[in-house]
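Novice:
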Ligand SMILES: [Zn+2]
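In our numbering, the protein residues as written are 208 to 419.
(1) If we ignore side chains and look at the alpha-carbon of each, how far apart do residue 406 and residue 245 end up?
(2) Taking Cβ to Cβ, would you say residue 214 is nearer than 8 Å to residue 248?
(3) Which residue comes first and which comes last in the alpha helix (DSSP H) that contains residue 219?
(4) For residue 242, which residues in the same chain have their Cβ closer than 6 Å to its Cβ, ignoring the five residues on either side in sequence?
(5) Just list the residues that DSSP pairs residue 279 with in beta bridges.
(6) Would you give the residue range spanned by the beta strand (DSSP E) that residue 383 belongs to?
(7) If you drop the 5 nearest sequence neighbours on each side, which residues of the same chain put their C-beta closer than 6 Å to that of residue 255?
(8) In chain order, what residues of the same chain lie with their CB nearer than 6 Å to the CB of residue 392, ignoring the 5 residues before and after it?
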C-alpha cells in the first residue's frame with residue numbers, strides 16, 4: 208500500500224470521528240469516500256463514523272466492485288455516480304446532518320436554490336446547491352438523478368435524507384459539508400425574518416474569484 212493511501216485511510220477515520228463527536232453524523236449514518244490510484248476508499252456498511260478502523264475501510268475498483276476490506280456502504284452508488292460526472296473530485300462526504308436534513312424537508316423549496324446566498328463562505332464553498340426529490344433508501348434510480356445534476360453541482364441535497372458533497376480532496380469535501388450544515392442552521396434561524404441576501408452581482412463576483 209502506498210504511503211499516500213495509508214495517510215488517506217487515517218485521515219478518513221480522523222474526519223469521521225471528528226464529525227461523529229460533534230453530532231454531525233449520529234449512529235451508523237453518513238459515509239465518506241476518497242479517490243486512490245486504483246479505485247476508491249469507502250466507509251463500510253453500517254459503520255459508525257466515530258469508530259472507523261483504517262485497515263477495515265472498504266476499497267472498491269473503478270466499477271464499484273469490492274476489492275478489499277469490509278463491505279462498502281450501501282450508499283456507495285451515490286458516491287460513484289458523483290465521481291462519474293466529476294473527474295476532478297478527490298473525495299465525497301454524505302451525512303444525515305440535522306439542519307441540512309431539516310431544510311431538505313421544507314415544502315415549497317426551489318430545487319435549484321434550496322438555500323439562498325446568506326454568506327460569502329457558503330457561496331464560495333458550496334456554490335449552487337441542488338435539491339433532488341425523495342427516493343427510498345437503496346433505490347438505484349437515485350444514481351441517475353445524481354448523475355443528471357452532478358456535472359453542474361458539486362453539492363446536492365437529497366430530499367428527506369441529507370447532503371452529498373464532493374471536493375478536490377478530503378478536507379475540502381468535509382469543510383464544504385460543514386459550511387452547508389452551518390448555513391442550513393442559519394437559514395432555519397432566520398425563517399420568517401426579512402433578509403438582506405447577497406446580491407446577484409456579489410454572488411457572481413465570488414463565483415469568478417473562487418470557482419468551485
Ligand atoms: Zn444517507
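For glycine and all other residues, C-beta sits at the position ideal for the given N, C-alpha and C.
Specialist: Result, derived from the coordinates:
(1) Residue 245 has its alpha-carbon roughly 44 Å from the corresponding atom of residue 406.
(2) Cβ distance not < 8 Å, so residue 214 and residue 248 don't count as in contact.
(3) 210-228
(4) 297
(5) 251
(6) No beta strand (DSSP E) contains residue 383, which is instead part of the alpha helix (DSSP H) from 377-396.
(7) 235
(8) 306
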